[in-house]
Structure formats: structure tokens, C-alpha cells
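See structure below.
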Amino acid sequence: MGARTNGSTQPHSTTSTSRSAGKRGASSARRAEPAGAAAPELEPAEHRPALKLLEAAREPDFIEVLGSREHNLRIDRLEVPKRKLVVFTGVSGSGKSSLAFDTLYAEGQRRYVETLSSYARQFLGQLERPQVEHLRGLSPTIAIEQKSASSNPRSTVGTITEVYDYLRVLYARAGEQHCHLCGKPVKAQSSEQIVEELLAMPEGTKFVLLAPLVTHRKGEFKDLFEELRGRGFVRVEIDGAQHRLDEAPRLDKKLKHTIALVVDRLVVRADERQRITEGVELALQEGRGEIRVELQGDDGAAARKRRPAAPLLFSAARSCCGQSFPELSPQSFSFNSPLGMCGACNGLGTRLEIDPDLVIPDPALSIREGAIAPWASAMSRGEGWTFRIIDAVAKACSVDLDVPWRKLGAKKQEMVLHGLSGKRIAVTWGKEGTETHGTWGMRFEGVIPSLMRRFQQSSSESARDAYRKFMSERPCDACGSRRMRPESLAVRVADRSIADVTAMTVKDAFEHFARLELPGNRQKITEGVRREITSRLSFLLNVGLDYLTLDRSGPTLSGGEAQRIRLASQLGSELSGVMYVLDEPSIGLHQRDNQRLIETLRRLRDLGNTVLVVEHDEETIRAADYVVDFGPGAGHLGGRVMAAGTPEEIERNPESVTGAYLSGRARIELPASRREPRGWLEIQGASEHNLRNIDVRFPLGVLLAVTGVSGAGKSSLVNGILLPALGRALHNSTEPVGAHRAIKGLKALDKVIAIDQKPIGRTPRSNPGTYTKAFDQIRDIFAELPESRARGYGPGRFSFNVKGGRCEACSGDGMVKVEMHFLADVYVPCEVCAGKRYSAQTLAVRYKGKSIADILDTSIEDCVQLFEHHVALRRVLDTLVEVGLGYMKIGQSAPTMSGGEAQRVKLSRELGKSQTGRTLYVLDEPTTGLHFEDIRKLLGVLHRLVEAGNTVVVIEHSLDVIKCADWVIDLGPEGGAGGGQVIAEGTPEDVARVARSYTGQFLRPLLSARRPSPRLQAPASV
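Written as C-alpha cells, this is what we have:
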């Protein structure tokens, strides 16, 4: 056992026999000899150094951590077993990630970079040395973090996993090229290859060799027939029928004709090779590199005059329909290369175009009332050149400026938006009958073309930004959002283009390649490529991503999906002896798919790797070989190892909060009753992404959980339709709204707020005090102190963001960056202010013995006592305490806060506002990064928001949240194309009774254990 606890908060270690023998070598053996035994014969001297070297080189069985002080860590000694599945758990902010990522991973990376030359190091981003006294036993480290796969719109699931790279090779080597204009096969072959293919037909097969001469062209072609007859040719095929040249019909010069020269009529026989070869060469010469072979039946001349339904086409120059086709290469199928990308959208699949819905945000208004947003200011002024043009357009198109836009006819709307097709309108100015009056004729191009032209021609970035407000990403009509040029899309393998394959889900693509059989040598040539593709697809299946399509854009992936994709890529590499560090890989994964993820982690371990997982999922914790529990609290109250050992040992440890929940000593209880909806919000005809034109009713005034397996359509429904639609209706948002028919019940709400786990600020200057505006009130209090008034200090004097009271040597940061050339930059406390951020004069002003810098370094709980007589400030601080953040320093910088802490800061800000009872809150997987105890606190906050009359909608997989919800909408039954339906809705008890619901199946045992109890029960040790 690498580390144990003996009831105290600090674990100690015991050393195994094998490790003792490894450390002490021959001395241990000597101590084990019986007394009086004869001295053993010593080894030859030349062997002893080799044995010592072997012992020293043996890989240790533990990662030894001594004196770790990174962030809030206070670990004197900890041993983590290697080649095991190890879970780091504990309450949010207790130090799990600080040890896993900021210490173990950072030090592993730093040591690797130090092995490089100084020249190479200057080009690499160097990690700072973590605050740890000693680390022993580190392996090469790979971090698989919970972050978006890529912000590049060209990045897809296929490119991230390298499946697309192998697909490009497959299509370049085994693809059948077709003409994108007529659909006929196109392939370049030498005369020898064509002869071999013809001789491969059954012996005795009769066929006619034809050389295409004219394809779909008007004319009589008398001169052509005369020339061919003069050169000794006998027959031609005209519009599908064969004719002798001396009996050629008179052609109608007004009609289009297709003419081919009949080169020879042949039979497949071995002794005919010479004649067939000569015929093929002549046909290629006459047909400018193209041949058509018409197969003949056995029923005489009548059959020869009929054109077979499927002629064989051969080309020596890859040409068809007057176009030449280049030789296929992997670049021909890359939407990042000019050889493969669609020219209209440059391989993005979308184009930035003027969106009519943004130009006319409210069709209930008339043009005079501002229905057309770019004209709104001109209409409100009632004068100016734009107003005169609008007036002229209205007269020319007979458009009533006072009629609501939606009531104008479609033809009039089209003329206003897209112009008058070159027709001139008369624009007048000045008062009629005066010298200033005049008329000017101009062509009106339409609102949308005018905006697009100005956007393209403007050199002013601010002007382009103004026009960009009316634009949105629209599917490219040239390639149909498939990113590729037509020539590349016409290449097929097993009758599917590369875009057809990437449009499949991972599951469908795996099945497609599992049964793929290619003719001839193509099967053998592509064997290795197909093996790599199926291998990578199987890894994606193993981590529960079967519902993703291969063309899914990288930026649209959630953090959990992106992390599992990287995990699948690592499985494919099959590395050994590596330390993998993962950050909550179960995020976004339904309980049904958890076991597949756990098996994936075990497979990584069984390859000989150390797998460190920061995780709160109960099933993953129980599947671990070793668990390290951090606590007892968060921030400065945490950072210690409360327990370490097997999951069973953690359960029995009375100091462990995690153990209390695992053993059942603490649990999140079911609510005593469910709230009844006080109204309904209904989305009709939801069809965004995989939603199947469904009608969904959202109850108001309750805690609502939207559930379902990964890819079932939860985010499409809530984040894609509900949230942007409410934002547009209630806050005039311009966010694009997903496809749906209508929304009813909007009058019951006055605002919608999305609360996520993104940081509350991007810089260290952001903190809980500044975000909740508590620091503004604190600065006001300091400004009212007698000493401040005597010196003339205002609230700005106590801001570290503006000149006046801050330390100018560090610009109020408290730290100074020292550049170390090719080493990592070093941040040291400012020598002038000693890290206090403020000037000495500002720090001289004190409130109850504390300076403004001391206040920033004070916990929120202590601030409550410090400012107990300031009612408004006390109310803000109380809300921070109520959401479980009393331990946090009010000046703690935003980058050092966990996602759960940032989310609770945002929730506290909402609690501090005066409630109207008509707000809808949307939270997407709010339990990300939260421990059982954090979830208990989060539920308390959510219930408070609901009890104030608001509606809270959570997209969630956590059963602890789902079972405490008042209402559940379960989507499914599967992910991707197999989802998009409402499987069950109602109370959790109602959902648990639906046999088709996977969520209901996992809820059932939790609800069956229901007993009368308080809504939430905290662990006794907390």
C-alpha cells in the first residue's frame, strides 16, 4: 500500500518487501541468514557493479511526492502507486487538480523540456517549476484535459482522430472516379491495361470498339463523314444507332447529336489479342484518349444496332464531358487544400451571408416603425438621403410603409430585400417648385445585396463589424455543406463518396467498414488503411462516442467529448510506461455508457501505464485500484490528503467526506414533495440537428432536468432552441435560433439567464469581490473613513485597476514578471509594495485595523463579521456564504478558481438580486467538477431560486440532481440519428416507470430507497 491513513489527516506509508529488497539489495539477504551459518561465497568483483547498476535502473513502483505546496496543497509526503488506475477525488477546490496537473504533469513536462538543447527550449512554452520539494518516480506524462478540441472551424471529429487522414488515402488509392457532370466512371488506363480488362471478360463475349467523336453538339457533320470514309472507315454510331458511312443519314443541324466511330467488332479469345490491341490503340487515337465498348448479344444484326444499357468506358487521359480529371491523391480529398476544397466556401462548408432574420428581427413592425434594422435610424429621423431612397422604393414598389412587414406580400418583400432587377427609381430632394428641388434616377439593388456589397468593399473594420451584425453562417449552396469540390465528391468507394462516409455516425461508419469488400487487388492494397480506420472507430465506440458524426465540427464538441476523443487517440497509440492524467472523463456521459469508459481506462492501465484520474463519479471511484481523497474543505481549508487506499478503505475512513457518501453515512436525500408546475412553455416542431420535429412542454416554476444518453438532443433542444429563442424574444439577442415551428407561453417570463462554469474573468484582477460588486461597496466604505476624507480620497483611490492609489511599479498586480530568455518567465512579488498592490499612502487608511490589501486577503466569512453593520454589503456576502464559498478569500483571483467555484459565484450574484419570480435559469451540466458534497450545496441554491418563483432548467446526467428535480424530460432512446424523441416526461417517479428510458432504469433503485427525511442531509463530519 503506497499510502494509508491512521485516523489522522496525514497518511503514512508502509514499504513492501519487494521495494525493500530493491532498495537494500544484498544487505537484506545477509540479515536474513540464520545465525552461525557459514559466510556465503562472495560474487566475483567484476559482477557486483553490474548488479548495482541494474538495481538503480529498476523503475520504482510508486510516485513519491515530498513537500508539495502548489496553490493550496499542504502535502508533506504521499506515495502514488504506478501502473494502476488511481482516482483523485475530494470537494471542489480541495487541491486535486493542483496535484495532478499543476504538480505531477507540470513537473513531468518541465523535466522533458530540460533534456532539450537551449536553442530548442527558446521556442517552446516552458512550464514553471511547481512548488514541490521532491518528486521521484515520474514517468513521461500526457495530460488529457477537459477543454475544447479546437477552435478551428476546419477541425472535425474525423481530423482530430486521424480517421479522415486514412479515409483520404483510401479514396486516393481505391476510389472509383466518376464524372461530376454525367456520373459516368472515369479512369486513366494504358492500352495494355484496357486490353487486359477486355480479355478478362468471359471467352466468346462479342463487343464493339467505338471512339467518341462528337458529344451532344449541333450540326450536320457532312465533312466529318466524308473524311472518315476517305480514311477507310466503314461505320459510325449516330445517336445510339449504327450506320454505314456510305449510307449516313442527313442530320438536322438544329438538333444536338452524339457520334462515335465504329473501330472494330471483336470477340474475346486468346488468339485475338493482337487484333484487340491494334483496335484499342486505334480507338484511343481517334477518340482523343477515350473508348467506349458496347457488349453485343448473340441474336444477330438487330442486337448490334441496339445500344446496350451499360457500355464500358475507358480513358487514357481521365477525361469526360470535355473536362480532364487529375490523378487522385490524398490532397484531392482535403478540404484544407485547393486541390480538394470547395471554391465557394474554401472548404468550410458554410459562408458568411446576410441573414434576413437579422435584417428584419421583428416582422410585426412596419418599415416606418423600424422593421428593417439597417433603415431604422433613418426612419426614426424622417429625413436624410437614406430616407429619400426608402420613400422612392416605396412608391416604385407600391409598398405601404405603415403596414406590418409580415402582412406585405411575398413579391413586395422580395423587391425590397433583393432589388428591382436593374429598374431605376426616382429619388427626389428639396421642396417641389423651389431651386433646391431635384430628381435623380438610380438602380435600387435591394437591402441584402447593398449590405453585402458594403461589407466586402469597406476598408474600415468598425464599419465591417457594423455590417457583420446582420450576417450569419449559412450552409454553402455550392457544395451542400460537404466542403469538397464536385470532382472529389464524385469519387466513390463501395458506391459512397467521402462526404457520405463522414456524414455517418461513428457506429454506422464502423459497421460500414466492417462489411466493406473491394474488388480485385483493391482489397489487398487497402487492407492496412481499412484496419487503421476500423481500429480508431472502435476506440471511439469504447469511450461512448458512437453517436458523433465524423464531420462534426471540433468547436461544437463539449469538453467531455473532446477529452474522450483524445483518450481514444491515446488508445490507438498503444504506448506503455506513460503516466496519463485525465480530468473527469465521465463528464457528459450517461450512466449507461460509464462501464465502457471504465474498461477503456483499465485497458490503458493494462498496457503498463499509470492512469491518474481526477473524478467525482461514484462508479469510477469504485472501479479504481487506488483512491486519494483530498479535503477536508476547499481553498485554504483544503489541500490535505484525508485518506488514501483502496475504495473499500476509503469507505471505512471516518475522516473522508468521499468515504461518507460511498458508505451511505451521508447522502443527498429525495425531496419530501415535488412542486407542481404553475404554467407551461411549449416548443413546437423542434427539428434542430437530430430532433425529430417534436413538441416539448417545459413546466414553469419548478426545477426541471433534461436528461438522456449522450447525443440524444438535449443541448440541441435547450441550448440550440430554447435559450437563443428566449434571448431573442426577451433581450433582443441576435443569436441564431435552431429549427422549430413556434414557441408558446413566452409571456410568463421576463428574462432568461444562462449560468455556466466559465471563469468569472480572464485576468488575475477579477475576483469574487469585483464580480459580485461587493468590492465597490467596500471601496465606498473606505472612502467614507475620516482619514480618507481628510486626504481627499474617493472610491477610485482604493482600486488596483486605475492610477492614483495603486502601486505603479507593478500596475496593481502585486507581482512583477521577470523574463528569463529561454527559461520560463518568473513572477516575483513587487519589491515596492511587497505584493500588496497599493501605494503606502493608500495602505495607511485602515478599517477596523485592516488596510484595503488586508481586506482582499480576508475570507468571505470573516468579511461578514467585519462588515456586519453594512446591510447592503452584508446581503451580498451572505449569498456567497450560502452557496458554500465562505472559505474563499474575497480577493482570490479568477484563474485560480475551479469551475464549480466560478459557477457558485455566478449563482450567488443571482441570489443577491431582487427576484421577479419570472426568470428562467439554464445550467448545462452544473455538476461538472463537483463532489457529492458540492452537489448537495448546489441543489440547495437551485431550490432557493425555484422557491422564489423562478424556473431552473438543467441539462444533467447526475442521478443525484435528477432524483431531486420536480420534473424530468428524458430524450432518446439512443444518440445521434437514433435519438431526438421524447421518451418520458413527468416526475422522476413517472420517468422511472417507463421501460424504454435508460435514465428511468438507473433512477428506479434510487427512488425505491425513498424514506421520510429532510430535503438534504449533510455528512456528519462536515
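In numbering that gives the first Met the number 0, the protein residues as written are 0 to 1021.
Quick reminder that beta carbons are idealized off the backbone N, C-alpha and C, glycines included.
Subject >> Where A871 falls, given that 16 or more other Cβ within 10 Å makes a residue buried >> reply: Residue environment for A871: exposed (fewer than 16 other C-beta atoms within 10 angstroms of its C-beta).
**OP:** Look up Y837 in the DSSP assignment and say whether it is helix, strand or coil.
**Re:** If DSSP states are grouped into helix, strand and coil, Y837 belongs with the strands.
**OP:** Report back the beta-carbon spacing between Q914 and G948 to the nearest angstrom; my notes put them in contact at under 8 Å.
**Re:** In this structure Q914 is in contact with G948, their Cβ atoms being roughly 7 Å apart against a cut-off of 8 Å.
**OP:** With hydrogens ignored, establish whether the beta-carbon of Q569 is closer than 7 Å to any heavy atom of the ligand FAD.
**Re:** Although the ligand FAD was asked about, the structure shown includes no ligands whatsoever.
Original post:
Where do the ends of the alpha helix (DSSP H) carrying I620 lie?
Top reply: Here the alpha helix (DSSP H) through I620 covers E617 to A622.
Subject >> Runs of alpha helix (DSSP H) lying entirely within the stretch 773 to 815, each at least 4 residues, in chain order >> reply: Listed in chain order, they are 773 to 782 and 785 to 790.
Original post:
In the structure shown, what three-state DSSP assignment does A105 receive?
Top reply: Looking at A105 - three-state DSSP - the assignment turns out to be helix.
Original post:
For the stretch 648 to 683, which segments carrying the beta strand (DSSP E) assignment without a break, of at least 3 residues, lie completely within its bounds, in sequence order?
Top reply: List check, beta strand (DSSP E) in window: nothing returned.
Original post:
How far does the beta strand (DSSP E) with E352 in it reach, from first residue to last?
Top reply: T349 to I353 is the extent of the beta strand (DSSP E) around E352.
Original post:
In three-state terms, what does DSSP make of R1025?
Top reply: Here the chain has residues from 0 to 1021 only, and residue 1025 is not among them.
Subject >> Limits of the unbroken alpha helix (DSSP H) element including W374 >> reply: No alpha helix (DSSP H) holds W374; DSSP gives it neither H nor E.
**OP:** Please check the pair S91 and G899, which I expect to be a contact at CB under 8 Å, by giving their CB distance rounded to whole angstroms.
**Re:** Rounded, the Cβ-Cβ distance is 4 Å, consistent with contact.
Original post:
Who are the near neighbours of G632 in its chain, counting only those whose CB is closer than 6 Å to its CB and skipping five residues on each side?
Top reply: Taking G632 as the centre and dropping the five residues before and after it, the same chain places the C-beta of Y886 closer than 6 Å to its C-beta, in chain order.
**OP:** Take S765 as the anchor and find which of S892, K772 and G793 has the nearest alpha-carbon.
**Re:** Ranking S892, K772 and G793 by Cα distance to S765 puts S892 first.
Original post:
Can you find at least 3 beta carbon pairs, one from the stretch 671 to 685 and one from the stretch 733 to 742, that sit closer than 8 Å?
Top reply: In short, these stretches touch, since the Cβ pair count reaches three.
Original post:
Do P925 and V880 have their CB atoms nearer than 8 Å?
Top reply: Cβ atoms of P925 and V880: not closer than 8 Å.
Original post:
Between N541 and the rest of its own chain, which residues show a CB-CB distance below 6 Å, the 5 nearest in sequence each way excluded?
Top reply: Excluding positions up to five away in sequence, the list reads R595 and T599.
**OP:** Can you have a look at T706 and say buried or exposed, based on whether 16 or more other CB atoms are within 10 angstroms of its CB?
**Re:** Counting other Cβ atoms within 10 Å of its Cβ, T706 reaches 16 or more and is therefore classed as buried.
Subject >> Separation of I620 from E42, as counted between CA atoms >> reply: Only weak support is given to the placement of E42: the predicted model assigns it a pLDDT of 48, under 50, and the value that follows is read from those uncertain coordinates. Each residue's Cα considered, the two are about 48 Å apart.
Original post:
For T257, which option in R272, E236 and G182 has the closest C-alpha, if you only look at C-alpha atoms?
Top reply: Residue E236 is the option with its Cα nearest to T257.
Original post:
Can you check whether the CB of F697 is closer than 8 Å to the CB of L680?
Top reply: At the C-beta level, L680 and F697 come within 8 Å of one another.
Original post:
Within this structure, are the beta carbons of G278 and G710 separated by less than 8 Å?
Top reply: G278 places its beta carbon 8 Å or farther from that of G710.
**OP:** Starting from R453, trace the alpha helix (DSSP H) both ways and give me its first and last residue.
**Re:** Looking at the DSSP string, the run of the alpha helix (DSSP H) that includes R453 is V446 to Q456.
Original post:
Which term fits E1023, buried or exposed, when burial requires 16 or more other beta carbons within 10 angstroms of its beta carbon?
Top reply: Here the chain comprises residues numbered 0 to 1021, so residue 1023 is not present and cannot be evaluated.
Original post:
Below 8 Å between beta carbons: does that hold for A173 and R521?
Top reply: Contact flag set, yes.
Original post:
Terminal residues of the continuous beta strand (DSSP E) containing L65?
Top reply: Looking at the DSSP string, the run of the beta strand (DSSP E) that includes L65 is F61 to S67.
Original post:
Taking the alpha-carbon positions, what's the R68 to G978 distance?
Top reply: Distance between the alpha carbons of R68 and G978 is about 48 Å.
Original post:
Is it the case that the Cβ atoms of P676 and V701 are separated by a distance below 8 Å?
Top reply: In this structure, V701 lies closer than 8 Å to P676 by Cβ.
Subject >> Nearest-angstrom Cα separation, counted from L103 out to E988 >> reply: Linking E988 to L103 through their CA atoms gives a straight-line distance of about 45 Å.
Original post:
I think K353 touches M451, with their Cβ atoms under 8 Å apart; what is that distance to the nearest whole Å?
Top reply: Just to set this straight, residue 353 is Ile in the shown sequence, not Lys. Contact holds; Cβ gap of about 5 Å.
Subject >> E40 - DSSP class collapsed to helix/strand/coil >> reply: Low local confidence applies: a pLDDT of 46 at E40 is under 50, so the model's placement there is unreliable, and no value is given.
Original post:
Would G89 pass as a contact of F797 if the rule is Cβ separation under 8 Å?
Top reply: Their beta carbons are not under 8 Å apart, which means G89 does not touch F797 by this criterion.
Original post:
When the Cα atoms are used, what is the spatial distance from D401 to E734?
Top reply: So the two alpha carbons sit approximately 28 Å from each other.
**OP:** Identify which residue in G834, G369, P653 and E382 has its Cα closest to the Cα of S810.
**Re:** Looking at G834, G369, P653 and E382, the one whose alpha-carbon comes closest to that of S810 is G834.
**OP:** My understanding is that V580 touches A99, with C-beta atoms under 8 Å, so please give their C-beta distance in whole angstroms.
**Re:** V580 to A99, Cβ: 5 Å. Contact.
Original post:
In terms of residue numbering, what span does the alpha helix (DSSP H) encompassing V168 cover?
Top reply: From DSSP, the alpha helix (DSSP H) with V168 extends over V162 to A173.
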